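These notes concern the structure reproduced below.
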Amino acid sequence: MNNAIDNLNRRILVIDDNHAIHEDFRKILGEPDAEDAALQAAEARIFGTRHEMLFEIDTASQGEEGLKMVEQALAEGRPYAMAFVDVRMPPGWDGIETTQRIWKICPDLQVVICTAFADCSWNEMREQIDPLDRLLILKKPFDTIEILQMANALTQKWLLLRESKSALGDLQQMVGERTRELEASQAAAVSMMADAVRNREKAEQAYEDLKREMSERRMLEEKFREQASLLDKAQDAILVHDLQHHVTYWNKGAERLYGWSSAEAVGRSVAQVLYKDEAAFQHANEQVILTGEWVGELHQISKDGRHLMIEGHWTLVRDAAGQPKSVLAINTDITGRRKTDEALRMQGRVLESMAEGVAVCDENGLIVFSNAACNAMFGYDSGELIAQHFSIIKNTPPEESHLAMDELFSYLREKGAWMGEMSSRKKDGTAFVTRSRISVLEIAGVRSFVAVVEDITEKKSMEAQFLRSQRMESVGRLSSGIAHDMNNILTPIFLSAFMLRRELSPEDYEKMLGNIETNAQRGADLIKQLLTFGCDAGGQRQVVQTNRLVSDMMKIMTGTFPKSINMSSRTSDEVWPVLGDATQLHQVLLNLCVNARDAMPLGGALALTTENIRLDENFAAMNVDAAPGPYVLLRVTDTGEGIPPEVIDKIFDPFFTTKETGKGTGLGLSTVMGIVKSHQGFVNLRSRVGVGSTFEIYLPAAPDAVVATIAAPAPEAPRGQGEMILIVDDEVAIRDVVQKTLMGHGYRVLTAGDGTEAIAQFSVHRGEIKAVLTDIMMPFMDGVTLSRTLKKMDPTIPIIASSGMGSAKGRQDKAAALHSLQINTFLHKPYTAGEILTAIGELFSNNRSTSGSEIETGEGTLGLGA
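In our numbering, the protein residues as written are 328 to 1193.
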């Protein structure tokens, strides 16, 4: 080992315009300084002598200076074995030109190009530098072990190449000379044997010379085998063939790569052994003969028929007379690399051609790839999303988005995949809805998150329109019952009002007032139920109590279904809540109950029940849509006509109906199925003709979810202390009644019929008005515009908003506008005297700050999902 180290050429040249780089190479490869030398000496005394490869380091700052140092080293007979050359060295030559010039005078020098990969690509270097068998690339920043390995390997390679070239040349020359001498000696020996008597002594001497020459030849052959053993240790396939293409040498690397043993390959035509198409081989061989060297890629074939792609470095070997003798080929297998490169290119093309957006994030949530569809979907140019956090596409404040995405990534690390809908945001701030499928990808221990994103805004809008129209159809089918119930409500109101104009006893007077109040409340409850069924709540998932769904449905059926139908419900206080869209679940019940009503034209029984149930794996195995776990079972049972067996498999198909033309669209049950499936539930049906039908709705339960509690009855409203209230409403009757109510409870009151009149009143009585109660929907100037104007005139003025609007979308828009004005109290019409007095009393007594709170209503809060 020591002899091998001593024979090495340890001279290394570093060419770099950065002097700090010079020092780094000296510290890694050169002699240690005094302090390090002392430390190494101490280690040697304690642990024994260790052999460490040290190198003689020379440095140059520019390519011109490095070239001169190479020339001087050659002139001194002490050439450099290798050089580390920086790819950029302004203002002089760059690393590529420097390498080309040095190789013209010192072709055996091993070169390492140092680059940050942003300077020059490998393909550009290949086009400019030829040959490449003495060139390696070192990526900055440097790794000490990598530099040491390169220095050891390349100086060894330089020595082996020099020894190989020298040995091959010397061997060929010696073999030629010895062969000629042997031939001459053999001829002399024959002559001497023929004249044995006269030349006995000469013959004996010739015999001895022959033995000596054979011994020397064996020594040369042994030395050649030693050189060949070194080549056998190489991982590359190394072979030699003569000018007639017959293999003369075949190393172990060639045996491993091609499957042919050395004994099988030597003597055979390399073209027949390795090539199906010999044209490419012939072209490469001609280039070697013409130029002395060839570097390139070729298709080859192994013994077992495998197709190989190799990168070849071929060199022409000449004899002692300088004539071409053979070709030395060093072939590197790049089949796997080419397949990997092709697969990566194919994956890239597939990803870029996908209609869905694809984004890849690292483990920290930073985007490392986004395809063209993803960039277009979110409105970014190519490359703009790279290095951005994935939360940039979520339509929430940055802090909330970042936190939500971190929670999602934590879930992905545990579960491996997630799929769902997300409120997203484009670069210009436009909000839209996406469905995302995110999975975890782990390669070589590096974890990434792959998201496939689809814009479903239009689809969600169409679904909402369809569900809304289907709800309107269901409500329309109740119209006769609604009219009947409203007439029953209005009749006692009219009659009681007529009786109040007559002289009545105090008891009858109170009774008539009670009738009016009771039936007015019934009317308000009916309108509220219709709004619940008919309005779109935005599809948001929230905690829903299924018993409340049944109770609401019973109320609407009691007033609208024929009296010939006996309606009942059976629920338990222990029934679990579910996570869902209350409006859509109301629609499921409404569709099923209306169908049940239509199935009993002569009357019958209709029952609604709820219960808890836990599904096991056996049940789930028999029901494709089921999964093990807790469910709430909501059952709708009727004693109607039943469903014939021949159509029972079709009833959930869109547009399938058994009703007469004009009496049904065939979308009711398909809507039920769609809504239940969107809640990860499923539907079972049992039906017998003439007996009736039972629909069983299984909804995944949320046993641990917290159900909102019903607020306790409000305490008696406090009386006013003479505060002045401005009432703004375009309905004269409402203004008058509210005015009298407030004045009767200790308040002073001003009224206005529209926003313009209200602004005039406020301007005159600004110092006296302590609060404003305004309707939202008014002609000329609505309540939002009025509130915005009043807030500009007096930012501290408390405002209570009220409205009887039925559209959930309208409520959301107005709520958002009022919220931005810090108007936090909202009363739904019709409201009671107690509700308005309580709202005003709390406004004055608490004097609370409204910044950032939700808008309070007579029934809770009006947020975006109200």
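Heads up, the beta-carbon is just placed ideally off N, CA and C, and yes, glycines get one too.
All figures in this text were calculated on a predicted structure; none of them were measured in a lab.
Quiz item: Which residue or residues does DSSP assign as beta-bridge partners of residue 1096?
Solution: Paired residues: 1051.
Quiz item: Looking at residue 924 and residue 892, is the spacing between their C-beta atoms short of 8 Å?
Solution: When the beta-carbon positions are compared, residue 892 and residue 924 come within less than 8 Å of each other.
Practice problem: Compare the Cα-Cα distances from residue 642 to each of 422, 618, 624 and report the closest residue. | Solution: Selected option, being the one with the closest Cα: 618.
Quiz item: So, is residue 541 buried or exposed, given that buried needs 16 or more other C-beta atoms within 10 angstroms?
Solution: With fewer than 16 other Cβ atoms within 10 Å, it is exposed.
Quiz item: From residue 1020 to residue 873, what distance separates their C-alpha atoms?
Solution: Spanning the alpha carbons of residue 1020 and residue 873 requires a straight line of approximately 21 Å.
Self-check item: Supposed contact pair residue 760 and residue 787 - C-beta distance, whole angstroms, cut 8 Å
Solution: Indeed, because the Cβ distance is near 5 Å, the residues count as touching under 8 Å.
Practice problem: Name the two residues that bound the continuous beta strand (DSSP E) containing residue 913. | Solution: Taken as a continuous stretch (DSSP letters only), residue 913 belongs to no beta strand (DSSP E), being part of the alpha helix (DSSP H) at 909-925.
Quiz item: Sorted by chain position, which residues of the same chain lie with C-beta nearer than 6 Å to residue 428's C-beta, five sequence neighbours on each side aside?
Solution: Within the same chain, residue 428 has close Cβ partners 394.
Self-check item: Three-state secondary structure (DSSP) of residue 636
Solution: In the three-state scheme derived from DSSP, where H, G and I count as helix and E and B as strand, residue 636 is classed as strand.
Self-check item: Rounded straight-line distance, which links the Cα of residue 680 to that of residue 651
Solution: Roughly 53 Å between the two C-alpha positions.
Quiz item: Got a sec, what are the start and stop residues for the beta strand (DSSP E) residue 1074 sits in?
Solution: Element bounds for residue 1074: n/a, residue is neither H nor E.
Quiz item: Could you give the C-beta distance for residue 959 and residue 945, rounded to a whole number, given that I count them as a contact under 8 Å?
Solution: Rounded to the nearest angstrom, the Cβ distance from residue 959 to residue 945 is 20 Å, too far for a contact under 8 Å.
Practice problem: Along the alpha helix (DSSP H) that carries residue 351, what are the first and last residues, could you check? | Solution: Start and end: 346-356.
Practice problem: Below 8 Å CB to CB, which residues in the same chain sit around residue 339 once its five sequence neighbours on both sides are set aside? | Solution: Within the same chain, residue 339 has close Cβ partners 352, 356, 382, 383, 384, 385, 407, 408, 409, 410, 411, 478, 482.
Quiz item: Along the chain, which unbroken stretches of the beta strand (DSSP E) at least 3 residues long are found entirely within the region 736-768?
Solution: If we require 3 residues or more, the beta strand (DSSP E) runs fully inside the region 736-768 come out as 744-752.
Practice problem: Please report how far the alpha carbon of residue 734 lies from the alpha carbon of residue 487, in whole angstroms. | Solution: Going by the C-alpha atoms only, they are around 59 Å apart.
Quiz item: If you check the beta carbons only, do residue 573 and residue 595 fall under 8 Å apart?
Solution: Judged by their CB atoms, residue 573 and residue 595 are nearer to each other than the 8 Å cut-off.
Exercise. Could you have a look at residue 543 and say whether DSSP puts it in helix, strand or coil?
Key: Three-state DSSP puts residue 543 in a helix.
Quiz prompt | Coil, strand or helix - residue 336 by DSSP | solution = In the three-state DSSP reduction, residue 336 falls in the coil class, being neither helix nor strand.
Quiz item: Using CA coordinates, which residue listed in 622, 462, 776, 744 is at the minimum distance from residue 697?
Solution: Closest option to residue 697, Cα to Cα, is 776.
Exercise. Pull up the distance between the alpha-carbon of residue 699 and that of residue 729, whole angstroms please.
Key: Distance between the alpha carbons of residue 699 and residue 729 is about 24 Å.
Quiz item: When you compare each of 431, 1159, 500, 1149 to residue 845 by their alpha carbons, which one comes out closest?
Solution: Considering only alpha carbons, the answer is 1159.
Quiz item: Does DSSP classify residue 1163 as helix, strand or coil?
Solution: Residue 1163 falls in the helix class under three-state DSSP.
Exercise. Enumerate in chain order the residues of its own chain whose CB-to-CB distance from residue 783 is below 8 Å, with the five nearest sequence positions on each side excluded.
Key: When the five nearest sequence neighbours on each side are left out, the beta carbons in the same chain lying within less than 8 Å of the beta carbon of residue 783 are those of 748, 760, 761, 762, in order along the chain.
Quiz item: With distances taken from CA atoms, which of 1096, 1086, 1097, 1094 is nearest residue 1114?
Solution: Residue 1086 is the option with its Cα nearest to residue 1114.
Practice problem: Would you mind sorting residue 1038 into buried or exposed? The rule is 16 or more other CB atoms within 10 Å of its CB. | Solution: Bear in mind that a pLDDT of 47 at residue 1038, under 50, signals an unreliable position, so the model cannot answer this.
Self-check item: Own chain residues within Cβ distance below 7 Å of residue 950, not counting five before or after
Solution: Cβ within range, chain order: 1009.
Quiz item: Over what stretch of residues does the alpha helix (DSSP H) that includes residue 620 continue unbroken?
Solution: Looking at the DSSP string, residue 620 is not in any alpha helix (DSSP H); the run it does join, the beta strand (DSSP E), is 620-628.
Exercise. Note down, in chain order, each residue of its chain lying with its Cβ closer than 6 Å to the Cβ of residue 1125, except the 5 sequence neighbours on either side.
Key: The residues are 1098, 1170.
Exercise. Quick one: residues in its chain with C-beta nearer than 8 Å to the C-beta of residue 1119, no 5 flanking neighbours on either side, listed in chain order?
Key: For residue 1119, same chain residues with a beta-carbon under 8 Å away, outside a window of 5 residues either side, do not exist.
Quiz item: Out of curiosity, what's the CA-to-CA distance linking residue 653 and residue 767?
Solution: Cα-Cα distance, rounded: 55 Å.
Practice problem: Using the DSSP secondary-structure output, state which residues sit across from residue 561 in a beta bridge. | Solution: Paired residues: none, contrary to the question.
Self-check item: Exposure of residue 1147, with buried meaning 16 or more beta-carbon neighbours within 10 Å
Solution: Classification for residue 1147: exposed.
Exercise. Would you kindly check if the distance between the Cβ of residue 721 and the Cβ of residue 731 is under 8 Å?
Key: Contact check for residue 731 against residue 721 passes: the beta carbons are separated by less than 8 Å.
Quiz item: When DSSP labels each residue in this structure, what does residue 896 get in the three-state scheme?
Solution: Residue 896 falls in the strand class under three-state DSSP.
Quiz item: Should residue 588 go down as buried or exposed, given a rule of 16 or more other Cβ atoms within 10 Å for buried?
Solution: It is exposed - the Cβ of residue 588 has fewer than 16 other Cβ atoms within 10 Å.
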